[in-house]
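Residues in the sequence shown are numbered consecutively from 1, following UniProt numbering.
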Amino acid sequence: MASESNVDRVVLLPVDGSAHCERAFKWYIKRIMKPGDKLVLLHIVQPHYITPPGGFAMDQAAVDISSNVNEGIAAGKKILERYSQMCKAAHCPHVISLHIDSSVGNTVIKVAEEHKASLIVIASRGIGKARRTILGGVSHYVILHSGVPVLVVPAAKRSSASFVSEVESLENE
């Protein structure tokens, strides 16, 4: 990990278990990482509250919600550990940050401000125009609300020969 006095640039990279995030991470490592960078790996656990048709008994609701959050935290720790190992292999100074929040985009913005990030690198899931119009997208939210530059690594297009060669070169590193 880099000491604060040796850090020239703080880069925030939100991660989850998707191939999109791994592609964004590898893109950062291969193309824009430079000496003096500190990478902040952020994983956000989104609690999911599903009320059964008959409703919850008060005691059961607390147990179900707590169990859901605990499972999310455990999975998040595994994801962050995996990325931490990849950072170590790439000699990339980093810190990890695990948050629980239902608003992913807002949390990305808050964490960027807390760490004084000068750049956010984020994966785009490529969710399609209609769905993005209705639901919005995290990368879109971050672009609109960030006070620092945001680099969006797009979803891969499977038909592109250049993408195939890029993936192969990244996997061989």
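Glycine included, each C-beta is placed from N, C-alpha and C at the ideal position.
Q. When you compare only the Cα positions, how much space is there between A155 and V69?
A. 28 Å
Q. Which residues in the same chain as H115 place their Cβ atom closer than 7 Å to its Cβ, once the five residues preceding and following it in sequence are excluded?
A. V10, L12 and V40
Q) Hey, would you say Y28 sits closer than 8 Å to V121, going by beta carbons? A) Here Y28 is near V121, since their CB atoms are less than 8 Å apart.
Q. What is the C-beta distance between L98 and H43, in whole angstroms, given that I count them as a contact (C-beta under 8 Å)?
A. 5 Å
Q: Decide if I32 is buried, meaning its Cβ has at least 16 other Cβ atoms within 10 Å, or exposed.
A: exposed
Q) Taking the alpha carbon of V148 as the point to measure from, which residue in K78, A117 and K88 has its own alpha carbon closest? A) A117
Q.
If you reduce the DSSP assignment to three classes, tell me which class I134 lands in.
A. Per-residue confidence for I134 stands at a pLDDT of 46, beneath the threshold of 50, marking its modelled position as unreliable; the derived number appears in the next sentence. If DSSP states are grouped into helix, strand and coil, I134 belongs with the helices.
Q.
What residue range does the beta strand (DSSP E) around V40 cover?
A. Per DSSP, V40 belongs to the beta strand (DSSP E) from D37 to V45.
**Q.** 8 Å contact criterion, which V142 and I109 should meet: CB distance rounded
**A.** 7 Å
(Q) My output table needs one value for R125: the three-state DSSP class, helix, strand or coil. (A) coil
**Q.** Distance CB(S124)-CB(V150) smaller than 8 Å
**A.** Contact annotation: S124 and V150 have beta-carbon atoms that are not nearer than 8 Å.
Q: Taking all protein chains shown into account, decide if T133 is buried (16 or more other Cβ within 10 angstroms of its Cβ) or exposed.
A: For T133, the predicted model reports a pLDDT of 48, less than 50, meaning its position is unreliable and no value from the coordinates is stated.
Q: Along the beta strand (DSSP E) that carries R9, what are the first and last residues, could you check?
A: R9 to P14
Q | Nearest neighbour of H20, chosen from P35, V138 and K78 [CA to CA] | A | V138
Q: Take the Cβ of S146 as the centre, count every other Cβ of all protein chains shown within 10 Å, and call the residue buried at 16 or more, exposed below.
A: buried
(Q) Which residues does DSSP list as the beta-bridge partners of M152? (A) Note that residue 152 corresponds to Val in the displayed sequence, not to Met. DSSP output for V152 lists I122 as bridge partner(s).
Q: Kindly indicate the opening and closing residues of the alpha helix (DSSP H) around I109.
A: V104 to E114
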